[in-house]
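To start, the structure itself, in structure tokens.
2 protein chains.
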Amino acid sequence: MKVELENVLPRDIEKRSFEIITEELGDTPLIPGTELIVKRCIHTSADFDYAKNLRFSEGAVEKALNAIKNGAWIVTDTQMARAGINKRALARYGGEVCCFMSDEDVAARAKAEGTTRATASMDKALTLEKPLIFAVGNAPTALVRLYELIEDKKLNPELIIGVPVGFVNVVQSKELIMHTDVPYIVAAGRKGGSNIAACIVNALLYMLNDDRG
Amino acid sequence: MKVELENVLPRDIEKRSFEIITEELGDTPLIPGTELIVKRCIHTSADFDYAKNLRFSEGAVEKALNAIKNGAWIVTDTQMARAGINKRALARYGGEVCCFMSDEDVAARAKAEGTTRATASMDKALTLEKPLIFAVGNAPTALVRLYELIEDKKLNPELIIGVPVGFVNVVQSKELIMHTDVPYIVAAGRKGGSNIAACIVNALLYMLNDDRG
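Residue numbers (our numbering), protein chains in the order written: chain A, -13 to 199; chain B, -13 to 199.
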């Protein structure tokens, strides 16, 4: 058989991957200070579209890093994203990750209000008395609800990571977030996902401290 | 503001998404019987590359469905994939999802043998006395180890879902699996991920029973 494996030590695989990504990006322009986030999204998806579709509000990365250092909690819309976030690295700064999607009160509220569990789980996040970072990787309805809560001045998050994936209201929900004054990191267009949401949180954590916890 | 949301009921979002995917696929040729898997991968990633990169061994889908009906367990290489698999739907047939990546004995073995936790976690799966489906969404080293175990006749899985993502040995590890006689569903090339691994398992479950549990 002609399959030849590259001889890379386990601990060097990620480093070598980032070298390949950097090489293939060539002179693709990236916003200074966002490179590690963009490259980690490509690392997570093998999809170089993330070099073009990620949007950062002015100073978003610095504000996000400060929020994490100040103990911000992460609220996400899927158990997959929750599973993917490096919780030990986050705990160093006092943060925790919440996902209310499987909570019974959220299911009940969504049913009663004829909305989605994602919407109801964003409402539930209002009860957290913490600085909050939202990492939305699945449900555009979560982003729409965040937009409404921000417009109604009921919510003032530290950062919204707006990377739901899909075909119905995904593009629009991201545009809504980019119309707010809240710091954001958004994957414009249809792409994103729980993996991308988790990876952006992790990229921020590793920018603060590259010891993986 | 000019953002206009499409008016789709929560319960109809997925249906509408699949309609859009089907429409945009147009006359892209798909292997009969694999359509729901291909479309769910596109639904999960908004990446139409999955219409071209998914490879199915002869009869893989039918064999996979039978394995699930016969109580196969799923072994995966990330907690994210484990989180994403519909465990209630799987439990109908007696199956469970295992991920050994965070187990202390796996970490110890990987360290002692100078290998990855993914490799060691595939070895641990040998102790399961169940028909097994492997869903590998992250680590090419997991696929390489599965290949070795199969070649050594220590393992005879019902199906390998080989969809690690990345840049180092990912393409090669998938080729190794496609050289075995084991049923497989593989995303050729660099793309894949925990989300894709989970989504392929879920696609199979929903082909058996579209009630989401």
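Quick reminder that beta carbons are idealized off the backbone N, C-alpha and C, glycines included.
Would you report the Cα separation of residue i and residue j, rounded to the nearest angstrom?
i: K55(A); j: F4(B); result: 41 Å
i: E17(B); j: I7(B); result: A quick correction: the sequence has Ile, not Glu, at residue 17(B). Distance between the alpha carbons of I17(B) and I7(B) is about 16 Å.
i: A189(A); j: R41(B); result: 32 Å
i: L118(A); j: E144(A); result: 6 Å
i: T166(B); j: Q158(B); result: 13 Å
i: A58(A); j: Q65(A); result: 19 Å
i: I23(B); j: T14(B); result: 15 Å
i: A91(B); j: V61(A); result: According to the sequence provided, residue 91(B) is Asp. The question's Ala does not apply to it. Roughly 31 Å separates the two Cα atoms.
i: L162(A); j: V(-11)(A); result: 48 Å
i: A77(A); j: D138(B); result: 43 Å
i: A96(B); j: D(-2)(A); result: 15 Å
i: I28(A); j: A98(B); result: 31 Å
i: K160(B); j: A173(B); result: 8 Å
i: E134(A); j: V156(B); result: 42 Å
i: N142(A); j: N142(B); result: 54 Å
i: L132(A); j: I147(B); result: 36 Å
i: V83(A); j: A184(A); result: 11 Å
i: Y79(B); j: Y79(A); result: 43 Å
Relative to the C-alpha of residue i, which residue among the options is closest?
i: G81(A); options: V187(A), R131(A), E10(A) and D196(A); result: V187(A)
i: A46(A); options: D197(A), I171(A) and T166(A); result: I171(A)
i: A67(B); options: F120(B), T113(B) and V154(B); result: F120(B)
i: D196(B); options: E(-10)(B), R26(B) and G12(B); result: R26(B)
i: K38(A); options: E21(A), D138(A), D89(A) and R74(A); result: E21(A)
i: E(-8)(A); options: L11(B), E(-8)(B) and V154(B); result: V154(B)
i: E10(A); options: A32(A), L(-5)(A) and V(-6)(A); result: A32(A)
i: E115(A); options: T101(A), A183(A) and K140(A); result: K140(A)
i: S107(B); options: P(-4)(B), G19(B) and M87(B); result: M87(B)
i: L(-5)(B); options: Y79(A), I28(A), T101(A) and A96(A); result: T101(A)
i: K0(B); options: Y79(A), N124(A), I28(A) and E0(A); result: Residue 0(B) is actually Glu in this sequence, not Lys. Measuring from the Cα of E0(B), the nearest candidate turns out to be N124(A).
Grouping DSSP H, G and I as helix and E and B as strand, with all else coil, what is residue i?
i: F4(B); result: helix
i: L(-9)(A); result: coil
i: A183(B); result: helix
i: L145(A); result: strand
i: A173(A); result: strand
i: P(-4)(B); result: helix
i: N188(B); result: helix
i: V154(B); result: coil
i: K139(B); result: coil
Anyone know if the C-beta pair for residue i and residue j falls short of 9 Å?
i: C85(A); j: D109(A); result: no
i: R103(A); j: A93(A); result: yes
i: V149(A); j: V130(A); result: no
i: S43(A); j: M164(A); result: yes
i: A69(A); j: G152(B); result: no
i: T105(A); j: A128(A); result: yes
i: N221(A); j: L191(A); result: The shown model of chain A, from -13 to 199, leaves out residue 221(A), and the question about it has no answer.
i: P126(A); j: A50(A); result: no
i: T30(A); j: I182(A); result: yes
i: D35(A); j: K177(A); result: yes
i: R198(A); j: R2(A); result: no
i: G179(A); j: G179(B); result: yes
i: G19(A); j: E48(A); result: yes
Of all the CB atoms in chain E, is at least one closer than 9 Å to the CB of residue i?
i: S180(B); result: Of the protein chains in the structure, A and B, none is chain E.
When you measure from the CB of residue i to every non-hydrogen atom of the ligand ADP, does any distance come out below 8 Å?
i: L145(A); result: Looking at this structure, you won't find the ligand ADP or any other ligand, since it has none at all.
In chain order, each beta strand (DSSP E) run of at least 3 residues that lies wholly inside the region 81 to 130 of chain A:
At a cut-off of 3 residues, the continuous stretches assigned as beta strand (DSSP E) that sit fully inside the region 81 to 130 of chain A are 83 to 85 and 118 to 122.
Within the region 17 to 86 of chain B, note down every full alpha helix (DSSP H) run reaching 4 residues or more, in order along the chain.
Segments of the alpha helix (DSSP H) lying fully in the region 17 to 86 of chain B: 21 to 31, 36 to 39, 46 to 55, 65 to 70 and 73 to 77.
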